[in-house]
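Below: the structure, in structure tokens.
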Amino acid sequence: MNENNHDEIDLVKLLGALLDYKWWIALFTLLVTLFSVAYVLLAPPVYTANASIQVESKSSRGLLNDFPGILEGESSSSTEIAILKSRMVLSNTVEQLNLTTVVEPQFSIPFLSKGLHRLMGYEPQLSLSLFEPKNPQMKEMILEVGENAGEFSLFFADEKVLEGSIGKKYQTEDFSFAISELEAKPGQLFKIKKNDVLLAINSLQKQISVTESGKQTGIIEISINGENKAQIKKIVKSVSENYLLQNIVRDSAEASKSLEFLSKQLPELKARLAESENNLNEFRLKNESVDLSLEAKSALDTIVQLEADLNELTLKESEISQKFTRNHPAYVALIDKRKVLNEEKIRLNKQVERLPNTQKEVIRLTRDLEVNQQIYIQLLNKMQELEIVKASTVGNVRILDEAQVLPNAVSPRKMIVVASAFMLGLIFASVTAIAKTLLHRGIEGTSELDVLGLPTYATIPYSNEQPIFSKHKVQRFELLSESTPTDPAVEALRSLRTSLHFAMLEAKNNILMISGASPSVGKSFISTNLANVLAKAGHKVLLIDADLRRSYLRRLLGLAKEVGLSDVIAQQIPFEQVIQHYDNFDIIVKGETPPNPSELLSNARFQALLEWAAKEYDLVIVDTAPILAVTDAAIIGRYAGTSLLVGRFGETTLKEVGLAKERFERAGVFIKGFILNGIKRKASNRYDYYQYDYK
């Protein structure tokens, strides 16, 4: 049950932290959102240009078509993608579009100025038809638009090197230069830079995206992002056309190589054919009547076909050897097929060997003739096919979709950016608020003091009226107990007055010391207003400002700069002469700041003053310096009958209170109780103070 309550309190504290910092969270989120709106308005829109290309399977003109399935494992798309992004293709685009020349308009504040000019409809444009630096040091220049239309000045290293006008070609010893288009206001600057070709190609490789649409579709998409619609469209169009052209050239070259190989084989084959015809004719002249049996004719036909198939494999091997190694599946399949054919050929030859010698010779000669005839005809047909292929090569690639620019910008995505900024701002501000609450170690509840065994005598709520006076540099201001007697803080001081009445019944004297662990906890506020509340109740009260180092009570109360506590101790001045009257109570100000406050307070003269005051007044309140800063309070506490420690809500830590209490106890001073000052109602906090308005 306790664990559940603890979890509930933690959750309430987290939710309360969001409520406590709600205005800060709202302001931070608003600022982040406004910055994101400014960004999407000022950021240049980025567009996408794309085109799609279809990569078809190789046509049937190749010599490998009798091996279906052999190349199915090869990914032609991945190969074509690599070719598309290769320097071979992109170098042509770089040269055609002059991408080695980079032109950038210059602005005082690049992002902001460029964005504002674009919103106002001003986008300077400069296109160069020629920029060839002959001097390698002059690869970067600045162009300034002249006052007259079409005029310009060219600068290198802050030195003017050319004055000219648009449309003219300029040749100097150091460079060649010409402008094809110029749209800009007079005085507009452009930075012109000439990059190396390889650098321009590498840059284009990084910018361009080449992907396959889907899986094994053979459809390749080319795209590029950029601010200049016309430029990115030209780039995509050029890349796709250059790729298509190289594909056609590549396929034409492949046909040429095959044709060249077959042309070399043709004369030799023609001679073999003529020789086989002569041999057969001579044999028939010598042997006028030779008849072949059906078995011999069948074996002859089969052997002829086998020889034709083997020769076909030889042609295919010549092509495969140019593309693959002997371990490639296509090459292995060809070798296996040739092995099978050779085994069949050996079997038939053994069958022929059983025939009569005359028939064997006829079969051999006829076989040679028919095989050579088939091979010769096959070779001629193949050469005719390749001639046609070479003359009408269109490649295995075609452009499906021409280069186009998408109408809507792909970046920045305004709604997504603004919505994301809003959410991130809200989350960051909320997390920060929760972290500040969880990491904050200031005391926010009287129950936290239970571990120190220190009772709480009063919880003083924060007053909205008090800062009005403390922030103005005036000679005198009214105490809160005078200006706003019904303020909850004053009511809490009245409650403290009642508590003190009973607390001091058993005290050794009527001297009350009010101290703090650290500066700026509000002990002077409590001392002055408590003195006034007690005086209004009919008590004769003396307030002694014993903070001899940094006290400001005299200035705040508007008292005269007369002798004070330090003077009465050091100069033996009569006690009555240092007392000033303020409205309802008397006060002794600190006087001149002494060089040795601690030694002065240890003087017997100070003790005598307190003893005299205890007899003359109903209550003596001593306002001291913070104990953790100096030891003055420990000295004064030995003379006081009652000592109270003041801490500020949310600022004074439990560790500070514990150290202060321990330091007092080491000096022999017993802290009677604690006053928690400046309490603010926070949704993330539950404290032991309840405010009631009763009028």
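UniProt numbering puts the first residue of the sequence shown at 1, with every later residue one more than the last.
Virtual Cβ for every residue (Gly too), placed ideally from N, Cα, C.
Bear in mind that the values here come from a model prediction, so they are computed numbers and not experimental data.
In this structure, DSSP gives H501 a helical state, which the three-state scheme calls helix. When the five nearest sequence neighbours on each side are left out, the beta carbons in the same chain lying within less than 6 Å of the beta carbon of K169 are those of A178, in order along the chain.
When the alpha-carbon of P133 is set against those of L553, A503, P124 and E173, the nearest one is in E173.
At a Cβ-Cβ threshold of 8 Å, T459 and A419 do not count as neighbours.
Cβ-Cβ distances below 6 Å link Q374 to A308 in the same chain, with the five nearest sequence neighbours on each side left out; the list follows chain order. Q171 and V103 have their C-alpha atoms roughly 20 Å apart.
In this structure, the alpha-carbon of Y47 lies about 54 Å from that of G650. Assignment of beta-bridge partners to G226 by DSSP yields Y47. Pairing L245 with T93, the inter-Cα distance amounts to about 12 Å. Straight through space, the alpha carbons of W23 and K436 are spaced by roughly 15 Å. Here A429 is not near L512, since their CB atoms are 8 Å or more apart. Looking at R118, V197, P186 and L126, the one whose alpha-carbon comes closest to that of K139 is V197. Less than 8 Å separates the beta-carbon of V397 from that of V55.
Cβ-Cβ distances below 6 Å link Q207 to I224 in the same chain, with the five nearest sequence neighbours on each side left out; the list follows chain order.
Cα atoms of D401 and V304: separation of roughly 51 Å, rounded to the nearest angstrom. Listed in chain order, the non-local C-beta contacts of R638 below 8 Å within the same chain comprise A667, G668 and V669, local neighbours out to five positions each way being set aside.
Within a 10 Å sphere around the beta-carbon of N242 sit 16 or more other beta-carbons, which makes this residue buried. For E402, the enclosing beta strand (DSSP E) stretches over residues V397 to V405. Cα atoms of Q188 and L18: separation of roughly 51 Å, rounded to the nearest angstrom.
Under the DSSP assignment, F28 falls in the alpha helix (DSSP H) whose first and last residues are K22 to L42.
Straight across, the Cα-Cα distance linking Y462 with N408 is about 57 Å.
The region 597 to 646 is shown to contain whole beta strand (DSSP E) runs of 3 or more residues at 619 to 623, in chain order. The bridge partners DSSP lists for S127 are E181. Distance from L449 to V622 at the Cβ level is roughly 23 Å; contact not present, criterion being Cβ atoms closer than 8 Å.
If the five residues before and after L42 are omitted, its C-beta is found closer than 6 Å to the C-beta atoms of G115, all from its own chain and listed in chain order.
The alpha-carbon of V589 is positioned some 41 Å away from that of Y21.
By the Cβ rule, the region 544 to 555 does not count as touching the region 496 to 503, because fewer than three pairs are nearer than 8 Å. Secondary structure of F107 (DSSP, three-state): coil. In the three-state reduction of the DSSP assignment, K160 falls in the strand class, which pools E and B.
Rounded to the nearest whole angstrom, the C-alpha separation of N584 and T653 is 35 Å. Note on G647: 16 or more other CB atoms within 10 angstroms of its CB, so buried under the neighbour-count rule. A direct Cα-to-Cα measurement between G538 and N596 gives close to 37 Å.
By the CB criterion at 8 Å, V145 and P186 fall inside the cutoff.
In the three-state DSSP reduction, V490 falls in the helix class (H, G or I). Fully contained in the region 525 to 570 are the following beta strand (DSSP E) runs of length 3 or more, in chain order: 541 to 545. Cβ neighbours of N311 within its own chain (closer than 7 Å, five residues either side excluded): I375.
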